[in-house]
Every structure is written in C-alpha cells, then in structure tokens.
Amino acid sequence: MTKNSGSEPVARQIRRELIDDELLDQLVKSTSDRGIELTGEGGFLPELIKAVLERGMKAELTQHLGYDKHEAAGRGSGNSRNGTSPKTVTTEVGPVTIDQPRDRAGTFHSRLVPPGQRRLGGLDDMIISLYAGGMTIREIQHHLAATMGSELSHETISNITDAVLEEVAAWQTRPLEEFYPVMFLDAIQVKIKNQNRVTSRAAHIAIGVDLDGVKHVLGIWVQASEGAKFWAGVCAELANRGVGDVLIVACDGLTGFPEAIAATWPNAVVQTCVVHLIRSSMRFVAYQDRKAVAAGLRPIYAAVNEEAALTALKNFQASAWGVKYPATVAAWERAWDRFIPFLAFGPATRKAIYTTNAIESLNYQLRKITKNRGHFPSDMAAVKLLW
5 MTKNSGSEPV ARQIRRELID DELLDQLVKS TSDRGIELTG EGGFLPELIK
55 AVLERGMKAE LTQHLGYDKH EAAGRGSGNS RNGTSPKTVT TEVGPVTIDQ
105 PRDRAGTFHS RLVPPGQRRL GGLDDMIISL YAGGMTIREI QHHLAATMGS
155 ELSHETISNI TDAVLEEVAA WQTRPLEEFY PVMFLDAIQV KIKNQNRVTS
205 RAAHIAIGVD LDGVKHVLGI WVQASEGAKF WAGVCAELAN RGVGDVLIVA
255 CDGLTGFPEA IAATWPNAVV QTCVVHLIRS SMRFVAYQDR KAVAAGLRPI
305 YAAVNEEAAL TALKNFQASA WGVKYPATVA AWERAWDRFI PFLAFGPATR
355 KAIYTTNAIE SLNYQLRKIT KNRGHFPSDM AAVKLLW
C-alpha cells in the first residue's frame, strides 16, 4: 500500500481531498433513512463500485483508441466505440452489474475487469481463507449469500480453492536446508472417500527446526496407514530435497521407525517421544489409577542418566503399581533402546525433545479445521486443506 511521508496511505489522502468525511456521513445516513443496505444486491456500495468501474473502463477505452468520444481525431482512425455489453461480477460487497464498453475492432481488453473474469477484489482470497479456516464449500456458499448476497456455485468455489494446488506442489518440492538440528515426524488421521467407501488415512507431517530455532513444516504426505516403510520414503524424499543431516529425530514408537531414519541419516539420534511412551504404557491402566501411576513413572524419565533411569524402572516394577500393571513395565522395556538417548542430553535439550509438542500443537490446529469435514473426496483435497 502506497503511503505519503506521514502514516496515512496516499489513496486515503486523495479520498479525503475529493470526498470529505462529512459527505460520507451524509451518504451513509441517506441510505439508512431510505432503507437501503450498504452491501449486498441492491446495496449502495455495489452501485458506487459500478460507477467507478464503468468510468475507469471508459477511460481505458479512450486510451486504447487514442481519442476522446466525439473527437474529430477519431474520424477515419479505423476503430471506434461500439456500445456496451452487460456483465455481472461478484465482489466482496455483493454482485455488481456493469456496462462494459466495446470497440468495433474487438481489440479492447480492460485491465480493471479482464475478459472472462467474474470475481473482483479480494473475493478469491476471502474464499481461500474461509476454506483454510475449516469451512466446507457448502458453508462458504451460504456464508457469501447471507453476508454479501453473492451466489457462487459449488463448482466455482471448488475451482477457486483448487487454484492453490500449484502452490502446494511447489511448496511440497521446494529445496530445503542442508542441516536441521531437530526434526519431528508424526501423523494424524483423516477420512478419505474412495470408491463409495470412507476410510481412514494417515497424513504424515514433518517439521524441521533450523539453526535459528525456527520451525518449518517440511511436507505433508497422505498414505493409507502410518508405517515405517512409508516413513523411509519420506526421509529419502527430504534427503533428495537437500536435507543432508539431522542431529535428533523425535518420533513415536512405531516399529521399524529408527531403521527407516538411519537408512537416510545414519548419524542421527532417534528419540522416541516420551509423552507418546507414557501414553502407550498407561493404555491399560484404570482411569482412577492413572494419576498415581504417572507419578510413579516420573523418576524414570526425570533421571540424571541411564543407570539412574534403569534403577527407577526396577523400583517401579517392584512397586504395587508395577505388580498390578505389568504391561506398563513391559512397554518401557520394549522402548528402552529408543528412550535412553533422551537421557544423554542436558535440561534445555531434554525440554525441546521431551515431547513432539512442536508437531502436536500443529496437529491440534489441523484437527480443528478437519473435524467439520465428514470426509475428503480425495487425498489431494485433504493435502490442499492441511496446506
């Protein structure tokens, strides 16, 4: 937005010079007194936009022809004005029907209202923003009709949101940094309709933390299920996009995950998410006992080193809770090799990798906008919204 030497935009300054606030107050009061809405079909603002657009297009046509209307210079020029054609365009304040000027040679094309364009202003951006906020296409239709009087078809809105697919493809294949100190890998479940059946599919998400501590979503991939084999392909793709090395990869306790990561970055430390491990180990703990069991497990992951953690695990195993819930102890024993790298780090690093909160918080936001959808028509529709 162009601004003058002060803080006020130049466009606003010109508006104040030509149309002062008192005149605007009179216009608003007059429309209100006559029962006319400011926006929507039949509103005052659409009429104002119509007047401005038509005068702007007439000025464009004059520049295109090289002479003013009725000017003698136009005689014998080979081209002239040829009336107007009605056209309705959708704007952020409602539908506007304009009289679009024509020339006899058919060479005039307005830049204000380009040929074939049926939507003006930031309407497309508004629709994409509403879609990204979790609204379905049908909900967007109702919203535009109720607030702006704009009637857009399901197909039109779908085509507008599809306009981001090229950006999605470019984002999904963009070059990445060579080194990320920490990377988080996780997946959320989304519903996809396939051949008249709705099935759950895993949307795999990778987050990389750069050397400045800034988190970046590196990619989103939708697959039938979360598996180590697919994650191996994701890691290979990230390497092909430039990620040469990772210091710590935090993930859940999926079988085969460490091997999949090591195949791409052999020097990376694979750290299971401690919160995932706690949840997994308490899966069969009675609800009324969970608080006490969680307190009993805390000395294990709060230990100063591996030896102290092993002692804490044995103490828990011998306790009343360990005897009552042997499956909890077994869960820690199965994940021990993936848990102990955590104990080699200091408090600051432990805080960063203790949980995949960096990705869990993102997943929480994504779940908020997907919960309104019963299902997605395709994998790409899910990726489009998540992006």
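Mapping to this note's numbering: the sequence shown position 195 is 199, numbers consecutive. Using N, Cα and C, we set each Cβ at its ideal position, and we do this for glycine too.
| Item | Value |
| --- | --- |
| Under 8 angstroms by Cβ, that's how I've got S346 and R338 pegged, so tell me the actual separation to the nearest angstrom. | With the sequence shown as reference, residue 346 is identified as Phe, and Ser is not the correct amino acid for it. That pair is no contact at about 16 angstroms. |
| On the CB-based measure, 16 or more other CB atoms within 10 Å of its CB, does P330 come out buried or exposed? | exposed |
| Specify, as a first and last residue, the run of the alpha helix (DSSP H) that A264 falls within. | 261-268 |
| So T165 and Y135 are in contact, right, with Cβ under 8 angstroms, and what is the actual spacing, rounded? | 5 angstroms |
| Express the C-alpha separation of I18 and K372 in angstroms, rounding to a whole number. | 43 angstroms |
| Are there 16 or more other CB atoms within 10 angstroms of the CB of I23, so buried, or fewer, so exposed? | exposed |
| Would you decide whether R302 is buried or exposed? Buried here means 16 or more other CB atoms lie within 10 Å of its CB. | exposed |
| Within the same chain, show all residues whose beta-carbon is closer than 6 angstroms to that of V393, passing over the 5 residues directly before and after it, in chain order. | In this structure the chain extends from 5 to 391, so residue 393 is not present and cannot be described. |
| Please classify R205 as buried or exposed, where buried requires at least 16 neighbouring CB atoms within 10 angstroms. | buried |
| Going by Cα to Cα distance, which pick from I211, Y305, Y71 is closest to G350? | Y305 |
| Using 10 angstroms around the beta-carbon of R178, count the other beta-carbons present and answer buried if the total reaches 16, otherwise exposed. | exposed |
| With a 10 Å radius around its C-beta and 16 neighbouring C-beta atoms as the bar for buried, classify F112 as buried or exposed. | buried |
| Can you name the start and end residues of the beta strand (DSSP E) that C255 belongs to? | 249-255 |
| In chain order, what residues of the same chain lie with their CB nearer than 8 angstroms to the CB of Q193, ignoring the 5 residues before and after it? | S204, R205, A206, A207 |
| Check whether the region 215-223 and the region 281-289 touch, using three or more Cβ-Cβ pairs below 8 angstroms as the test. | no |
| Going by DSSP, name the residue or residues bridged to D103. | P90 |
| Under 8 angstroms Cβ to Cβ from L366, same chain only, skipping five residues before and after it: list those, please. | I209, I211, V221 |
| What residue does the alpha helix (DSSP H) around G326 start on, and which one ends it? | 324-328 |
| Determine, using beta carbons only, whether M61 and L116 come nearer to each other than 8 angstroms. | yes |
| The alpha helix (DSSP H) spanning H1 covers which residue range? | Any question about residue 1 goes unanswered here, given that the chain covers just 5 to 391. |
| In chain order, which alpha helix (DSSP H) runs of at least 4 residues are fully inside the region 8-48? | 14-22, 25-37 |
| In chain order, what residues of the same chain lie with their CB nearer than 6 angstroms to the CB of Q275, ignoring the 5 residues before and after it? | I252, A254, P345, F346, I357 |
| Excluding the 5 residues preceding and the 5 following A149 in the sequence, name in chain order all residues of the same chain whose CB lies nearer than 7 angstroms to its CB. | E155 |
| With a threshold of 7 angstroms on Cβ separation, who are the neighbours of R108 within its own chain once the five nearest residues in sequence on each side are excluded? | N83, S84, N86 |
| What's the gap between the Cα of T88 and the Cα of P118? | 15 angstroms |
| Would C239 pass as a contact of D256 if the rule is Cβ separation under 8 angstroms? | no |
| Less than 8 angstroms separating the beta-carbons of V297 and T332? | yes |
| I believe G47 touches V97 by the beta-carbon criterion, under 8 angstroms. Please report the beta-carbon distance rounded to the nearest angstrom. | 7 angstroms |
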